[in-house]
Amino acid sequence: MANTFKNYFVKNANTAAQTVITAGAGVQATVIGMTVANMTTAPVSANVFVTAGGTDYYLVKEATVPVGGSLVPVGGDQKLVLEATDALKVSATANCDVIASVLEIS
Numbered sequence: 009m010a011n012t013f014k015n016y017f018v019k020n021a022n023t024a025a026q027t028v029i030t031a032g033a034g035v036q037a038t039v040i041g042m043t044v045a046n047m048t049t050a051p052v053s054a055n056v057f058v059t060a061g062g063t064d065y066y067l068v069k070e071a072t073v074p075v076g077g078s079l080v081p082v083g084g085d086q087k088l089v090l091e092a093t094d095a096l097k098v099s100a101t102a103n104c105d106v107i108a109s110v111l112e113i114s
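Quick note: the sequence shown, position 95, residue 103 per the numbering used here, numbers continuous.
Structure follows, in structure tokens:
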């Protein structure tokens, strides 16, 4: 089994849900950290969710990200495991940048 650390980035995530990472076939991805940064001059509402088997499961829904601030939905003591074909997604009311740090096991 190979263990690989990777970063995934989304620039200007907004109202259309954008996929940050989809775990590939035969891969277990452990999200060890994730940050959603507000890139605007007004507070933003953000959603972070996993799509698994065609169903969305929210980590946070309509969480406020303040001006000049960020939301850390995964990190510290909390980790998130994605199994094959599970997708981690983000949407926001205005532009946000997203960074996810992941350990992939294949």
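Cβ atoms here follow ideal geometry from the backbone N, Cα and C, with glycine treated the same way. Computed from a prediction, not measured in an experiment: that's the story for all the values here.
Any non-hydrogen atom of the ligand NAD within 6 angstroms of residue i CB
i, result
"Val44", "Absence of the ligand NAD is noted for the structure shown, with no ligands found whatsoever."
Own chain partners of residue i with C-beta closer than 8 angstroms, once the 5 adjacent residues on each side are dropped
i, result
"Val73", "Val44, Ala45, Asn46, Pro51, Val52, Ser53, Ala54, Leu79, Ala100 and Cys104"
"Leu67", "Val56, Phe57, Val58, Pro81, Val82 and Leu88"
Outcome for residue i when other beta-carbon atoms lying within 10 angstroms are tallied against a minimum of 16
i, result
"Asp85", "exposed"
"Lys97", "buried"
Residue range of the beta strand (DSSP E) that includes residue i
i, result
"Thr49", "Careful: Thr49 lies outside any beta strand (DSSP E) and carries neither H nor E."
"Ala108", "Cys104 to Ile113"
"Thr12", "Asn11 to Ala21"
Original post:
So does the segment 10–17 actually touch the segment 62–73, counting three or more Cβ pairs closer than 8 angstroms?
Top reply: Taking 8 angstroms as the limit for Cβ pairs, the verdict is that the segment 62–73 does not touch the segment 10–17.
**OP:** Please confirm if the segment 85–105 is in contact with the segment 16–27, defined as three or more CB-CB distances below 8 angstroms between the two stretches.
**Re:** The segment 85–105 makes contact with the segment 16–27; the number of CB pairs closer than 8 angstroms reaches 3 or more.
**OP:** Please specify which runs of the alpha helix (DSSP H), each continuous and at least 4 residues long, are wholly inside the segment 25–97, giving them in chain order.
**Re:** Segments of the alpha helix (DSSP H) lying fully in the segment 25–97: there are none.
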